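Here the structure is laid out as structure tokens; the discussion comes afterwards.
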Amino acid sequence: MEIKEYVALRKEALKQQVRALPRAPHLVIIQANDNPASDAYIRGKLKDSAEIEARATLLKFDPSISEDDLLAEIEKVNHDPDVDGLIVQLPLPSHISEEKVKSAVAPEKDVDGFHPLTTFDPCTPKGIVDYLTASGFSFQGANAVVLGRSNIVGKPMAKMLLKKNCNVTVLHSKTTEEDKAFYIHHADLIVVAIGRLGFLDGRYDYKPSAYIVDVGINRGEDGKLHGDAVPGLPVTLQTPVPGGVGLLTRLALIENLVIAAKHE
Numbered sequence: 000m001e002i003k004e005y006v007a008l009r010k011e012a013l014k015q016q017v018r019a020l021p022r023a024p025h026l027v028i029i030q031a032n033d034n035p036a037s038d039a040y041i042r043g044k045l046k047d048s049a050e051i052e053a054r055a056t057l058l059k060f061d062p063s064i065s066e067d068d069l070l071a072e073i074e075k076v077n078h079d080p081d082v083d084g085l086i087v088q089l090p091l092p093s094h095i096s097e098e099k100v101k102s103a104v105a106p107e108k109d110v111d112g113f114h115p116l117t118t119f120d121p122c123t124p125k126g127i128v129d130y131l132t133a134s135g136f137s138f139q140g141a142n143a144v145v146l147g148r149s150n151i152v153g154k155p156m157a158k159m160l161l162k163k164n165c166n167v168t169v170l171h172s173k174t175t176e177e178d179k180a181f182y183i184h185h186a187d188l189i190v191v192a193i194g195r196l197g198f199l200d201g202r203y204d205y206k207p208s209a210y211i212v213d214v215g216i217n218r219g220e221d222g223k224l225h226g227d228a229v230p231g232l233p234v235t236l237q238t239p240v241p242g243g244v245g246l247l248t249r250l251a252l253i254e255n256l257v258i259a260a261k262h263e
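Shown next as structure tokens:
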């Protein structure tokens, strides 16, 4: 199933769940940057919330806000019984600790899935696993390769695939080219999240039955967005960029929001 069709069906199901709740779920987004990419992400999250008939509030602060003041604003939202989910849009200004901010969000409202004690799955890995499940991918005993070891995607992705009983190999900048070629050749699933335009290309051999999930978003010389994999690789399924993992990540966020509201 195409990602756009899958997301539309999931949103319709979520809307029905929202209508059955005593009140609409409420998402608060805290932003303390002037980043055009962040602005675009937030517009998408506000649109998604409206489409499932949830409420969303943006609290935008000047990037000069102090760390203490930002933490105080997070604490206010933590204690607001009208709020089900809270996310703090990254990146943060350089004088504010990302780790402190992630740990400051109440775990029961951490719909991004970043808090060490959160009960929610991180949005990008959750969105990917749910979509692969709907697409018929069999995780049990599958050879999964994760390219990249970031705290946002690579590490939580590997952890979630282990929970799904995959054999997981994480490849990174220190992995030899020979080893990369070996593991990619034997992979049933490849998740690439390294931020290098067209890194996965024709120099590697792929299983025809393999699935490639492209998390990369890179601006090409043509001014357009491109993934970490060149399009049209000889595999069973390859997610597009744009219109791929970004939509799955946003879907997972509003799914987590509805779960949080139900727990409330």
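Counting from 0, one number per residue, gives the positions in the sequence shown under numbering that gives the first Met the number 0. Ideal Cβ placement from N, Cα and C applies to all residues, glycine included. Only a predicted model underlies this, so the values are computations on that prediction, with no experimental measurement involved.
Whose C-beta lies closer than 6 Å to the C-beta of residue i among residues of the same chain, with five residues either side of it excluded?
i, result
"P230", "none"
"A105", "N77"
Going by Cα to Cα distance, which pick from the options is closest to residue i?
i, options, result
"D81", "D227, F138 and A55", "A55"
"N32", "G245, R202 and I64", "I64"
"L232", "L20, Y205 and N217", "Y205"
"G245", "A209, S102, V152 and M159", "V152"
"H225", "L236, K75, D213 and T235", "D213"
"V191", "L45, R148, L13 and N34", "R148"
"L252", "L199, L160, D111 and H185", "D111"
"L70", "T238, K261, E98 and Q139", "E98"
"V234", "I189, S102, E11 and G197", "I189"
"A39", "V6, L57, N77 and F138", "L57"
"P92", "S102, D61 and V104", "D61"
"C165", "E74, S137 and L8", "S137"
"R22", "L131, A53 and L13", "A53"
"R195", "R218, K179 and Y182", "R218"
"I51", "N34, A186 and P24", "P24"
Going by other Cβ atoms of all chains shown within 10 Å of its Cβ, with 16 needed for buried, is residue i buried or exposed?
i, result
"E177", "exposed"
"P124", "buried"
"K44", "buried"
"K173", "exposed"
"D83", "buried"
"K75", "exposed"
Measure the C-alpha to C-alpha separation of residue i and residue j and round it to an integer number of angstroms.
i, j, result
"V100", "P207", "43 Å"
"M156", "Y203", "22 Å"
"D68", "C122", "27 Å"
"I193", "L20", "40 Å"
"N255", "G135", "22 Å"
"V167", "A143", "5 Å"
"V145", "E11", "31 Å"
"I95", "H78", "22 Å"
"V240", "Y5", "16 Å"
Leaving out five residues on either side along the sequence, give the residues of the same chain with a beta carbon under 7 Å from the beta carbon of residue i.
i, result
"T248", "C122, T123 and G126"
"S37", "Q30 and Q88"
"R9", "L250"
Report yes or no: is there a C-beta of chain C within less than 7 Å of the C-beta of residue i?
i, result
"S102", "The displayed structure is made up of one protein chain only, and chain C is not part of it."
Hey, residue i and residue j are a contact pair by Cβ (cut 8 Å); roughly how many whole angstroms apart?
i, j, result
"I41", "G242", "I41 to G242, Cβ: 18 Å. No contact."
Can you list, in chain order, the residues of its chain whose CB lies under 8 Å from that of residue i, leaving out five sequence neighbours each side?
i, result
"L199", "L146, I183, I189, V191, I211, D213, D227, A228, V229 and L232"
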